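Residues in the sequence shown are numbered consecutively from 532, following the numbering used here.
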Amino acid sequence: MILNASGCLDALTAPAVARELDAYVVKTVTLEPRVGNPQPRLAETDFGMLNSIGLQNPGVERFCSEVLPRLEELGIPLWVSVGGAEATEYAEVCARIGERATVHALELNLSCPNVDPAAEGAAEIVAAARAATKAPLYAKLSPLLPDVAGVARSVLEAGATGLSLVNSLRGLALDEWTLEPKLGRGVGGYSGAALRPVALAAVFICYEATDGEVPIVGMGGVETGKHALDLIAAGASAVALGSILFRDPKAPERVRGELAEELDARGFKRLEEARGVAHRPQSD
Ligand SMILES: Cc1cc2nc3c(=O)[nH]c(=O)nc-3n(C[C@H](O)[C@H](O)[C@H](O)COP(=O)(O)O)c2cc1C
């Protein structure tokens with residue numbers, strides 16, 4: 532299953548790209564509208580990109596009345612990413628969106644590096660969201676967590692259906708001459724190629740910590756079918772494309788084709804057969 536990473540594709544301006552995905556993941560929606568962080572919000576680095584969008588979104592009310600109906604017209608399964616400053620905010624957004632027939636899952640953004648973190652811990656937020664909706668809930672975790680396995684277990688105990696791994700790292704780039712931060716907010720989210728081994732490790736650790744029994748969406752620097760296969764071998768059941776979509780809008784179709792070739796070359800008949808193979812005991 533190939534998805535986009537939340538915030539990296541606008542399906543309303545690029546519907547043909549979104550239709551190449553198995554599901555479209557909407558940019559994070561919060562209870563109240565958010566104007567986002569000061570400009571500039573994007574910067575290139577030698578090995579990936581920095582962003583500090585700051586969860587700009589119209590708020591759940593306008594999302595439901597203006598955006599969601601237009602997304603529903605695309606006829607593709609939708610996942611909606613949900614954010615908030617408190618557990619009650621997450622819960623209210625989940626309650627308002629979760630039961631829509633077109634919304635196949637909610638992804639709880641527990642890890643945005645560009646806004647102040649919520650007051651409660653990840654498990655409390657998941658428990659509040661779980662009480663508010665029956666929809667499948669994916670907990671999106673940060674690559675900066677010192678104990679990602681422990682947090683993964685706690686959010687699953689609190690009612691999460693699966694995990695989305697990972698959000699962006701934290702990064703900073705300075706202007707060559709003024710030496711001031713290139714991003715308006717200073718520090719931002721760091722994504723792309725440099726995130727690949729970090730994401731791979733998070734997926735590997737969480738697959739092991741959950742005995743391979745929960746769905747995991749792997750993301751972070753995926754640019755080719757081989758990168759996607761690596762995440763699947765580490766334990767992902769689905770893969771999301773993020774920063775690559777800014778450079779290559781044809782990435783969903785291309786990565787899907789490359790992934791099929793990579794699986795075939797190794798004798799895997801189905802993607803599921805490759806899941807978790809990195810965990811097989813090494814032969815002597
Ligand atoms: C411009 C931009 C906006 C993003 N917005 C969101 C967001 O709204 N919610 C979220 O959970 N993640 C957001 N992310 C993080 C991505 O979903 C993804 O986790 C991260 O970029 C790692 O994947 P990548 O290396 O393939 O880009 C954003 C990333 C970028 C580059």
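C-beta: ideal position from N, C-alpha, C; glycine also.
What you are looking at is a predicted structure, and each value in this text was computed from that prediction instead of being measured.
Item, Value
"Cutoff 8 Å: Leu710 Cβ touching any chain C Cβ", "Any reference to chain C falls outside this structure, which holds one protein chain only."
"Proximity test, Thr633 beta-carbon vs ligand 1 heavy atom, cut-off 7 Å", "no"
"Proximity test, Met532 beta-carbon vs ligand 1 heavy atom, cut-off 7 Å", "no"
"Boundaries (first-last residue) of the alpha helix (DSSP H) holding His758", "756-765"
"Supposed close pair Leu534, Ala771 - CB separation, criterion 8 Å", "4 Å"
"Euclidean distance between Cα positions of Leu602 and Trp708", "43 Å"
"Other residues of its chain near Leu540: CB distance less than 7 Å, five sequence neighbours each side excluded", "Val548, Ala549, Leu776"
"Glu688 to Arg785 span [Cα, whole Å]", "37 Å"
"C-alpha gap between Arg684 and Leu790, whole angstroms", "29 Å"
"Beta-bridge pairing of Arg785 - partner residues as DSSP gives them", "Note: Arg785 sits in no beta bridge, so no partner."
"Pro783 burial status per 10 Å Cβ neighbour count (16 or more: buried)", "buried"
"Three CB pairs or more closer than 8 Å across the segment 605-618 and the segment 751-763", "no"
"Inter-residue Cα distance where the pair is Val657 and Ala733", "19 Å"
"For Cys595, the nearest candidate out of Ala654, Glu620, Gly629 (CA to CA)", "Gly629"
"Where the beta strand (DSSP E) through Arg701 begins and ends", "700-702"
"Reduced DSSP secondary structure (H/G/I, E/B, other) of Ser722", "strand"
"Proximity test, Ile656 beta-carbon vs ligand 1 heavy atom, cut-off 7 Å", "no"
"Beta-carbon proximity of Ser612 to Val560, cut-off 8 Å", "yes"
"Distance cut-off 7 Å: Asn582 Cβ against heavy atoms of ligand 1", "yes"
"Among Ile584, Thr619, Lys800, Phe735, the one whose alpha carbon lies nearest that of Ala663", "Thr619"
"Residue nearest to Asn645 in terms of C-alpha spacing, selected from Tyr669, Ala542, Ala545, Leu714", "Leu714"
"Delimiting residues of the alpha helix (DSSP H) encompassing Ala653", "653-663"
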